[in-house]
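Novice: Before anything else, here's the structure in question.
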Amino acid sequence: MAATVAVGSVTVSQAVLDIVGESPEFFIAKGMTSAEVIGAAILVVLAPAVLAIPVLVARMLSAPVAGGMLALILGVLVGILVVHRLDSADQTAPIALGVGGLVALAVAAFYLVSSSIRSLIRFLTPAPLAVLGVFLFMSPAAALLSTDVTDTGVVAAGATDTPVLVLIFDEFPLSSVMNGEGDLVDEAFPALGRLAQDGVWYRNAVTNSPTTVFAIPSIMTGRTPDTGLLPTTSDHPESLFSALRASHDVGAIEPITALCPISVCDDRSRSNRWGVWESFAYDLSVILAHIALPEALSGSLPPIDQTWGGFVAESVVSDPEELAPSPGAVVSAAVQGERRPAFTALRDMIVAERTRPLFALGHLLLPHLPWTFLPDGTSIGSEGVRFFMDDVVVEDPWPIALAMQRHLLQAQYVDAEIARVIRSLEEEGIYEEALVVVTSDHGLSFRPNTPRRGTATASLPGIAPVLMFVKYPVGIPGAPPPGSVDDVRAESIDIAPTIFDTLGVKPPYELDGVSLLDRGAREGRSETVLLGYAPPHPYPASTDAVRGVAADMDKWFPSRDPWELQPPGAEPGLLGTTLELGDDPAIEIDLHHPERFEDVDLEAEPLPVVVIADVQGSRAGEPVVITLNGVVVAQTRTYSWGDTVRAVAVLAPDSLVEGTNRVEVGIMTGSGEVVG
79 MAATVAVGSV TVSQAVLDIV GESPEFFIAK GMTSAEVIGA AILVVLAPAV
129 LAIPVLVARM LSAPVAGGML ALILGVLVGI LVVHRLDSAD QTAPIALGVG
179 GLVALAVAAF YLVSSSIRSL IRFLTPAPLA VLGVFLFMSP AAALLSTDVT
229 DTGVVAAGAT DTPVLVLIFD EFPLSSVMNG EGDLVDEAFP ALGRLAQDGV
279 WYRNAVTNSP TTVFAIPSIM TGRTPDTGLL PTTSDHPESL FSALRASHDV
329 GAIEPITALC PISVCDDRSR SNRWGVWESF AYDLSVILAH IALPEALSGS
379 LPPIDQTWGG FVAESVVSDP EELAPSPGAV VSAAVQGERR PAFTALRDMI
429 VAERTRPLFA LGHLLLPHLP WTFLPDGTSI GSEGVRFFMD DVVVEDPWPI
479 ALAMQRHLLQ AQYVDAEIAR VIRSLEEEGI YEEALVVVTS DHGLSFRPNT
529 PRRGTATASL PGIAPVLMFV KYPVGIPGAP PPGSVDDVRA ESIDIAPTIF
579 DTLGVKPPYE LDGVSLLDRG AREGRSETVL LGYAPPHPYP ASTDAVRGVA
629 ADMDKWFPSR DPWELQPPGA EPGLLGTTLE LGDDPAIEID LHHPERFEDV
679 DLEAEPLPVV VIADVQGSRA GEPVVITLNG VVVAQTRTYS WGDTVRAVAV
729 LAPDSLVEGT NRVEVGIMTG SGEVVG
């Protein structure tokens, strides 16, 4: 057992702790305490001991067999590390696996015949303590071991009884809701249109950081992001939460951050601890699979670089209302991939009985990847979204357009939930008197050959501009008239000063932002410097670039209706017609998971409306027709993904029928015949 723990700790355990140790938000998102972080690290280091169990069993039967089994296990552990390192060095999958396999066999053989190797492994016995020590004292996650703070920050005095609601959406670019002319596309986003009509749309608003763990604290504190701080109460003791805790009934949904003091928002401490550890175990299994497999072979695995945890996000709940009794339960659910309950919890927070005015923050992890929802909130799974490699957007515009479609489907679900929140405020009779802020922490880039996130100049027009709608209390002095559009540069750090200003209180700590009501203080801004993991990058105070990005989306979705997507060369009038596919032996089409369509339950999730097929005998750029029960329901186009030619489409939900659905995918030839 000592040998497996020693070798496993310096190979697999160390690789796992390197990944999670570099991302403290992985633990923050799960609401793990300092003790739990330490416990998790110990479990990771000791986990290889499980591999010794079959060796111990075999030893009772045959010592030679047990010795051979132990040698093979140790060899595999070293081989996994070799594969991981070679893959990180951009070696091809065959080379990484081949070399890793040879190393595994060599280590196993040398362990059996060489006493020197066995002595070396015995020398590694203290290695688990060293690996654990590096994580606990030298990794970025080490800062979490001293962040369990119960109460900090200065209280603001003299606040009015104005209710305040702040909604922060995640990875929601301005260009998704604005066209190239600079107009809000309120037909596709009626709830945002309602807020723009009742309040002020700050059309030139930008984030101060493209990274959530820095953007959220800047919103809630009004201070420029400090990339050396964690998104915790300990590192941000002064915030809206601490300042308003005496005057308002404070509530928060914080799935990624822990800014609200435990004494104020104590539900996180009562969240389902079993769910936290279950989520940790699931995520650990995904991380291990990514370590063991080269990137070229891990395409079917849930990605670990798009979210903060809950990598196994395909699991859905038939009734999301069941998961929303409290913000703490919502945090657990969100980390495990189920993000809908947050809206129910937010509405419950609004209508709850209270003796003081409401101050509520809802950080909703939508419409951030994975894109899994239709506008009515039905889950369709996350498969079929592939538009970037190594976080760089591909060159082919068609997979980018398909990604835009999935993003817009989910963004319209967000808008529908905003409408429900507004309705709850109205039913409580506090909408008119409330200060309502709707914003996003950052956007994302769909531009070809640019980083999806980060601060590359070409990517910033999609990433920096964010939603910012502010519905001021009716009759507040100095507020712009309802329906105003403000094109003076606004920043995320202006939200906290605006809340203090609207409440009529002097900020109890120093701010970097200015009140949005002080237009003159913002007029001197010529640029905003974005801070995050990447080097600082200035973004000019102009809306020209973001209008250009919006115009790119206009080409596919001029009215932002996700169902208006048509591939180049689409055959007009073909949808809804009956069609029998011809046969071409040279073309072979492999439909992904055809069993999904064999017994469809229209009430179950994920609803199988995403069609994915790999095509052999065709090239990228060919028109594709998809029929359902003999009727044409979609047109798409093939595109290259690595060495594969693929076709993807999202079917309208009402095209499915209960029970068996016959899905066929065909290539349209130059003569107009569809073959498959």
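In this text, residue positions in the sequence shown follow this note's numbering: the first is 79, and each later residue adds one.
All residues carry an ideal CB built from backbone N, CA and C; glycine is no exception.
Cα separation between Gly602 and Val566?
Specialist: 9 Å
Novice: In this structure, does DSSP put Phe465 in helix, strand or coil?
Specialist: In the structure shown, Phe465 sits in coil (DSSP, three-state: anything other than H, G, I, E or B).
Novice: Is the beta carbon of Gln483 sitting closer than 8 Å to the one on Pro453?
Specialist: no
Novice: Provide the residue(s) that pair with Tyr617 in DSSP beta bridges, ordered along the chain.
Specialist: The partner list for Tyr617 (beta bridge, DSSP) reads Thr606.
Novice: State the Cα-Cα distance for the pair Ala93 and Glu103, rounded to the nearest angstrom.
Specialist: In this structure, the straight-line span from the alpha carbon of Ala93 to that of Glu103 is close to 18 Å.
Novice: What number of angstroms, rounded off, separates the C-alpha of Ala321 from the C-alpha of Ile106?
Specialist: 22 Å
Novice: Evaluate Tyr611 with the Cβ neighbour count: other Cβ atoms within 10 Å of its Cβ, from every protein chain shown; 16 or more gives buried, anything less gives exposed.
Specialist: exposed
Novice: Find out if the Cβ-Cβ distance for the pair Ile500, Arg272 is shorter than 8 Å.
Specialist: yes
Novice: Could you give the DSSP three-state label for Asp668: helix, strand or coil?
Specialist: DSSP places Asp668 within a strand segment (E or B) once states are collapsed to three.
Novice: Applying the criterion that 16 or more other CB atoms from any shown protein chain within 10 Å of the CB defines a buried residue, is Ile294 buried or exposed?
Specialist: buried
Novice: Which residues share a DSSP beta bridge with Met256?
Specialist: Leu262
Novice: Taking the alpha-carbon of Ala359 as reference, which of Ile331, Ala118, Ala574 and Pro529 has the nearest alpha-carbon?
Specialist: Ala118
Novice: Tell me which same chain residues have a C-beta within less than 6 Å of the C-beta of Ile173, skipping the five on either side of it?
Specialist: none
Novice: Is the separation between the beta-carbon of Ile331 and that of Ala420 shorter than 8 Å?
Specialist: yes
Novice: Is Gln92 helix, strand or coil by DSSP?
Specialist: helix
Novice: Would you check if there are 3 or more beta carbon pairs closer than 8 Å linking the segment 450-467 to the segment 423-432?
Specialist: no
Novice: Whole angstroms are fine: how far does the CA of Val354 sit from the CA of Asp239?
Specialist: 37 Å
Novice: When you compare the CB positions of Val624 and Pro614, do they come within less than 8 Å of one another, or not?
Specialist: It is not a contact, given that the beta carbons lie outside the stated cut-off.
Novice: Whose CA, out of Glu736, Pro575, Asp679 and Arg724, lies closest to the CA of Asn707?
Specialist: Ranking Glu736, Pro575, Asp679 and Arg724 by Cα distance to Asn707 puts Glu736 first.
Novice: What residue range is occupied by the uninterrupted alpha helix (DSSP H) comprising Gln490?
Specialist: Pro475 to Glu505 is the extent of the alpha helix (DSSP H) around Gln490.
Novice: Can you tell me whether Val88 is buried or exposed, with buried defined as 16 or more other CB within 10 angstroms of its CB?
Specialist: buried
Novice: Which residues in the same chain have their Cβ closer than 6 Å to the Cβ of Gly178, if we skip the five residues on either side of it in sequence?
Specialist: Gly157, Val160 and Val161
Novice: Using a 10 Å radius around the Cβ and a threshold of 16 neighbouring Cβ atoms, would you call Glu742 buried or exposed?
Specialist: buried
Novice: Checking 8 Å against the spacing of the C-beta atoms, do Thr517 and Ile334 come in under that value?
Specialist: no
Novice: Can you list, in chain order, the residues of its chain whose CB lies under 7 Å from that of Arg196, leaving out five sequence neighbours each side?
Specialist: Taken in chain order, the residues that qualify are Tyr189.
Novice: Nearest-angstrom Cα distance between Glu649 and Val723?
Specialist: 21 Å
Novice: Would Ser347 be called buried (16 or more neighbouring beta carbons within 10 Å of its own) or exposed?
Specialist: Here the model assigns Ser347 a pLDDT of 44, short of 50, so the residue's position is not dependable, and the following value carries that caveat. Answer is exposed; the Cβ neighbour count stays below 16.
Novice: Can you tell me which of the three DSSP states Arg432 falls into?
Specialist: In the structure shown, Arg432 sits in coil (DSSP, three-state: anything other than H, G, I, E or B).
Novice: May I ask you to report which of helix, strand or coil DSSP gives His368?
Specialist: His368: helix per DSSP, three-state reduction.
Novice: Is the distance from the Cβ of Glu569 to the Cβ of Gly591 below 8 Å?
Specialist: Glu569 places its beta carbon less than 8 Å from that of Gly591.
Novice: Go ahead and pull the three-state DSSP assignment for Ala220.
Specialist: helix
Novice: Quick one: residues in its chain with C-beta nearer than 8 Å to the C-beta of Ser637, no 5 flanking neighbours on either side, listed in chain order?
Specialist: Val263, Glu265 and Ala266
Novice: Can Arg418 and Asp469 be called in contact, C-beta distance under 8 Å?
Specialist: no
Novice: Pairing CB atoms from the segment 670-678 with CB atoms from the segment 694-705, are three or more of them under 8 Å?
Specialist: Fewer than three beta-carbon pairs drawn from the segment 670-678 and the segment 694-705 are found closer than 8 Å, and the two stretches are therefore not classed as touching.
Novice: Counting only the same chain and skipping the five closest in sequence on each side, list residues whose C-beta sits under 6 Å from that of Tyr338.
Specialist: In the sequence under discussion, the amino acid at residue 338 is Cys, which differs from the Tyr named in the question. These residues qualify, in order along the chain: Phe319 and Ala330.
Novice: Does the Cβ-Cβ distance between Leu270 and Val515 come in under 8 Å?
Specialist: no
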